[in-house]
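Trainee:
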Amino acid sequence: MEKFMKRTAIVTGAARGIGAAVAKKLASDGYAVAVLDLDESACAATVDAIESVGGRALAVGANVADEASVAAAVERVATELGGPTILINNAGITRDNLL
-16 MEKFMKRTAI VTGAARGIGA AVAKKLASDG YAVAVLDLDE SACAATVDAI ESVGGRALAV
44 GANVADEASV AAAVERVATE LGGPTILINN AGITRDNLL
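Here it is in structure tokens:
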């Protein structure tokens, strides 16, 4: 775990499902993890799970379809957890349309 203690990962779409599982795995490997999702409050369960086993995590609300929102999120992560070294793009953007 100590191997990656000074590294930071950002996981988008990490409030639940695959994104939450990836965030928890990175945290168990020693990364500080920024848990990003459209609704910051939805990230609480993932952050709590990481912190309950001694990991570092930060809930961040961000719209990955909006460049300014992403820039603000990355700046916040860098300030609070350190510069990110890993980015996992897991957030899905649905554009319902006919096939």
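Mapping the sequence shown onto this note's numbering, position 56 (from 1) lands on 39, and the numbers just tick up by one.
Beta carbons are placed, not taken as given, at the ideal position from N, Cα and C, and that holds for glycine.
Everything numeric in this text was worked out from a predicted model, so none of it was measured.
(1) Near Asp22, which residues of its chain fall below 8 Å by C-beta distance, leaving aside the five closest residues on each side in sequence?
(2) Give the DSSP-derived three-state secondary structure of Leu9 in the structure shown.
(3) Of all the options Arg(-10), Thr(-5) and Thr(-9), which has the alpha carbon lying nearest to the alpha carbon of Ser52?
(4) State the DSSP-derived secondary structure class of Ser31, mapped to helix, strand or coil.
(5) Could you spell out where the beta strand (DSSP E) holding Val84 opens and where it closes?
Mentor: Reading it off the structure:
(1) Ala(-2) and Gly44
(2) helix
(3) Thr(-5)
(4) The sequence as given places Asp at residue 31; Ser does not occur at that position. Looking at Asp31 - three-state DSSP - the assignment turns out to be helix.
(5) Nothing can be reported for residue 84: it is not among the residues displayed for the chain, which extend from -16 to 82.
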